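Student: In the order they appear, the protein sequences are chains A and B.
Everything in the first sequence is counted per my numbering, starting at 1 for the first residue and increasing by one.
Everything in the second sequence is counted per my numbering, starting at 175 for the first residue and increasing by one.
This is the structure I have questions about; it appears just below.
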Amino acid sequence: MITALAALPLLLALMAPASAPPPAEVTITLVRWPFMCTLSDPTELLIRDVAATLGDRVNVAVDNYGQSELARRAHVERFPVVFVGDDLFAAPEDFGFGANGTRGRYVPWTDPRNQRRFRDDLEALVRKRLETAGEILDRRVRSGGSTMADSPVSGVRTDRASVSSPRRTERAGS
Amino acid sequence: MTPFRTVLAALLLAAAQSAGRSNPAVTAAIRAHIDEANRGSEAALARRADRALGDGHIYLALHVVEPAWVRQSAERFVREHEKVRTPDGFRAEWNRVRATLPDRAPARAQPLLLTALHDAARARCEPTLNGSLPYFEEIDARDGLYYLGEARALAQLAAFYAELPMSPAGTTPALRSLAPEIGELYANVAAMHRTADERSRTAFVPISTSLRLASLLNDEHAYAGALLELLLARYQAALLVTPVAAADGARERLARVSRTLDDGRDHSIAALFMQMAALHLSGALPPGPRGAAAIADEVLPAYLTIIGGRP
């Protein structure tokens, strides 16, 4: 009787239908000034557009400036900051708020072409992450492995940001 | 007493008399104080608040005067603390402001709009306070002080709303999580933003902020505030797409919606938008009647669907 009970979990596992692998997920995290901000708000909308385009496998998380563990670990002291997974994707200086204020991949940030470039860069990286995660998942399902590594993908930033003061913005309703 | 405090005190008196019309003498006093307090950058808002009060639109007056009051109060805080230069000095002020953070909910029963305004002000306090400290230390001392002043102003504003002696405008409608509506609008607005030109992209900033606040409030189950911010986002988004031709007949469509609101429930949140629509129709609030159409065709139907009315 005891032997039969001990074997029960194994029997149940064998009888259970093969479950679908859990969806691969990539989390995009934005560290932003908490409320109205001409830097942070366009960034959040572009990130949400990427997430909406790529579907349920992409999560969006938003951390308030001064309260972000990811930013603290990356030694980024300003905003906006964008992470893909745990990796720094865009630092404040990329938006034109570095010490010189005039350089940066997406400067000037108000130019729709630069916002489009940011969106396209982000989408490309997240797609790559999803593909990588999917391949790992496939291998895991085939091999019966039990872990999924979130392997780094080229394109992420690791340098420390140093940026100038963003502009203050106004509250809605004005 | 500062001019803005005087204005708010007068608003309180006006609100105490009725949720609808204000006493002409109080209105005149408020108008004088708004004129005095808002010379300069806030003059346009002051005129708008003044007009709303003159029309007896207390909800609209509160909504319009809020950002002007917060900015003035924050700027005053900076002036009062211009000698604060060191992190230790800032932290001392920071702790003083932190001690004033408002409670979760007003103690008294009020119109749903006041609950929503209170929730929205309260929810902005702590993140603004927390952001002010690294801002002072890492980015810019004066702006750090400004945001600390803004946090103080928001705390005072929340207390002001909580203390307004106004009675509920009816039975409270059943409220629920707005996560589906917030998520849908986020996706729609993000798609609109993708194709917008540079000039119109600035209009998406307040939409994004209202959605963010709606999301935060919804996560806290502060559904009145979430509803208000969701509808403000929807209103601002609708302004971007509502055609000029939609203004035709907007007055009649608003009147039809208004009749559906006469069901004994507290529709003070909808009343704010009705008052905004009236100002649009008068031409005193840009973009004029087209704004009233946005409210009639987008905002109020969404409101009615959410609270279980007839869209």
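All residues carry an ideal CB built from backbone N, CA and C; glycine is no exception.
For clarity, every value in this text was computed on a predicted model and none was experimentally measured.
Asp-293 of chain B lies in the beta strand (DSSP E); which residues open and close that run?
Tutor: Per DSSP, Asp-293 of chain B belongs to no beta strand (DSSP E); it is in the alpha helix (DSSP H), 286-308.
Student: For Ser-68 of chain A, tell me which candidate among B:Pro-308, B:Phe-378 and B:Ser-341 has the shortest Cα-Cα distance.
Tutor: Closest by alpha carbon: B:Pro-308.
Student: Give a yes or no on whether the C-beta atoms belonging to Pro-463 of chain B and Leu-455 of chain B are separated by under 8 Å.
Tutor: Yes, Cβ-Cβ distance for Pro-463 of chain B and Leu-455 of chain B is below 8 Å.
Student: Against chain B, does Asp-111 of chain A count as a neighbour if the rule is that its beta carbon must be under 8 Å from one of theirs?
Tutor: It does; some Cβ of chain B falls within 8 Å.
Student: Quick one: what's got a C-beta closer than 7 Å to Leu-414 of chain B's C-beta in the same chain, skipping five residues either side?
Tutor: Excluding positions up to five away in sequence, the list reads Met-366, Ser-374 and Ala-377.
Student: Output the boundary residues of the beta strand (DSSP E) element that contains Ile-313 of chain B.
Tutor: That residue, Ile-313 of chain B, is in no beta strand (DSSP E); it is neither H nor E in DSSP.
Student: Kindly give me the distance between the Cβ atoms of Pro-276 of chain B and Ala-329 of chain B, rounded to whole angstroms, as I take these residues to be in contact under 8 Å.
Tutor: The pair is a contact, with the Cβ atoms about 5 Å apart (cut-off 8 Å).
Student: Against chain B, with Cβ distances strictly below 8 Å, would Arg-72 of chain A count as a contact?
Tutor: Taking Cβ atoms only, chain B never reaches closer than 8 Å to Arg-72 of chain A, which makes this a no.
Student: Determine the DSSP secondary structure at Ser-146 of chain A, reduced to helix, strand or coil.
Tutor: Below a pLDDT of 50, predicted positions are generally treated as unreliable, and Ser-146 of chain A, at 35, falls in that range; no measurement from the model is reported.
Student: Taking only beta-carbon atoms, is Leu-125 of chain A less than 8 Å away from chain B?
Tutor: It does not: the Cβ of Leu-125 of chain A has no partner Cβ on chain B nearer than 8 Å.
Student: Pick out whichever of B:Arg-430, B:Asp-437 and B:Val-473 has its Cα sitting closest to the Cα of Leu-359 of chain B.
Tutor: Here the closest residue by C-alpha is B:Val-473.
Student: Determine, using beta carbons only, whether Asn-64 of chain A comes closer than 8 Å to chain B.
Tutor: It does; some Cβ of chain B falls within 8 Å.
Student: So does the segment 254-269 of chain B actually touch the segment 311-325 of chain B, counting three or more Cβ pairs closer than 8 Å?
Tutor: Enough Cβ pairs lie closer than 8 Å, so yes.
Student: Return the residues of the segment 30-41 of chain A that lie within a Cβ-Cβ distance of less than 7 Å from chain B, sorted by chain order.
Tutor: Those residues of the segment 30-41 of chain A that come within reach of chain B (Cβ to Cβ, closer than 7 Å) are Trp-33, Pro-34, Phe-35, Met-36, Thr-38 and Asp-41.
Student: Residues of chain A with CB closer than 8 Å to the CB of Leu-387 of chain B, please, in chain order.
Tutor: Simply Phe-35.
Student: Secondary structure at Asp-317 of chain B, three-state DSSP: helix, strand or coil?
Tutor: Asp-317 of chain B: helix per DSSP, three-state reduction.
Student: Quick one: what does DSSP say Phe-83 of chain A is sitting in, helix, strand or coil?
Tutor: Strand at Phe-83 of chain A.
Student: Could you please give me the residues that DSSP links to Ile-28 of chain A through a beta bridge?
Tutor: DSSP output for Ile-28 of chain A lists A:Val-60 and A:Val-84 as bridge partner(s).
Student: Look at the alpha carbon of Val-258 of chain B and the alpha carbon of Phe-118 of chain A, and state the distance between them as a whole number of angstroms.
Tutor: The straight-line gap from Cα to Cα measures roughly 39 Å.
Student: So which residues on chain B does Leu-45 of chain A lean against when the C-beta distance must stay under 7 Å?
Tutor: Those within 7 Å of Leu-45 of chain A in chain B are Val-363, Ala-364, His-367, Phe-378 and Ser-382.
Student: Distance, Cα to Cα, Ala-133 of chain A vs Phe-89 of chain A?
Tutor: Between Ala-133 of chain A and Phe-89 of chain A, the C-alpha separation is close to 18 Å.
Student: Identify whether Ala-348 of chain B lies in helix, strand or coil by the three-state DSSP scheme.
Tutor: In this structure, Ala-348 of chain B counts as coil in the three-state DSSP scheme.
Student: Contact criterion: CB-CB distance below 8 Å. Does Asn-269 of chain B meet it with respect to chain A?
Tutor: It does not: the Cβ of Asn-269 of chain B has no partner Cβ on chain A nearer than 8 Å.
Student: When we look at the beta-carbon of Pro-417 of chain B and count the other beta-carbons within 10 Å, is it buried (16 or more) or exposed?
Tutor: Looking at its Cβ environment, which holds fewer than 16 other Cβ atoms inside 10 Å, Pro-417 of chain B is exposed.
Student: When the Cα of Arg-386 of chain B is compared with those of B:Thr-369, B:Ala-361 and B:Ala-370, which residue comes out closest?
Tutor: Nearest C-alpha to Arg-386 of chain B: B:Ala-361.
Student: Since Phe-447 of chain B and Tyr-409 of chain B are thought to touch, with beta carbons under 8 Å apart, how far apart are those beta carbons, to the nearest angstrom?
Tutor: Going by Cβ atoms, the distance from Phe-447 of chain B to Tyr-409 of chain B rounds to 7 Å, so yes, they are a contact pair.
Student: In three-state terms, what does DSSP make of Ala-90 of chain A?
Tutor: It is a strand residue.
Student: Counting Cβ pairs closer than 8 Å, one from the segment 73-80 of chain A and one from the segment 37-45 of chain A, do we hit at least three?
Tutor: These segments touch.
Student: Determine the chain B residues that contact Arg-78 of chain A at a beta-carbon separation under 8 Å, and present them in chain order.
Tutor: Those within 8 Å of Arg-78 of chain A in chain B are Glu-312 and Ile-313.
Student: Would the beta-carbon of His-46 of chain A fall within 8 Å of that of Gln-115 of chain A?
Tutor: In the sequence on display, residue 46 of chain A carries Leu and not His. Against a cut-off of 8 Å, the Cβ pair of Gln-115 of chain A and Leu-46 of chain A comes out as a contact.
Student: Look at Asn-59 of chain A and Thr-27 of chain A and say whether their C-beta atoms are less than 8 Å apart.
Tutor: Against a cut-off of 8 Å, the Cβ pair of Thr-27 of chain A and Asn-59 of chain A comes out as a contact.
Student: Which first and last residues belong to the alpha helix (DSSP H) in which Tyr-233 of chain B is found?
Tutor: First-last of the alpha helix (DSSP H) with Tyr-233 of chain B: 232-254.
Student: For Asp-436 of chain B, count the other beta carbons within 10 Å of its own beta carbon; 16 or more makes it buried, fewer makes it exposed. Which is it?
Tutor: Exposed: under 16 other Cβ atoms inside 10 Å.
Student: Over the uninterrupted alpha helix (DSSP H) stretch that includes Ala-266 of chain B, give me the two end residues.
Tutor: It spans 261-272 - the alpha helix (DSSP H) in which Ala-266 of chain B sits, taken as one unbroken run.
Student: Can you find a CB in chain A that lies within less than 8 Å of the CB of Tyr-360 of chain B?
Tutor: So yes, Tyr-360 of chain B belongs to the interface.
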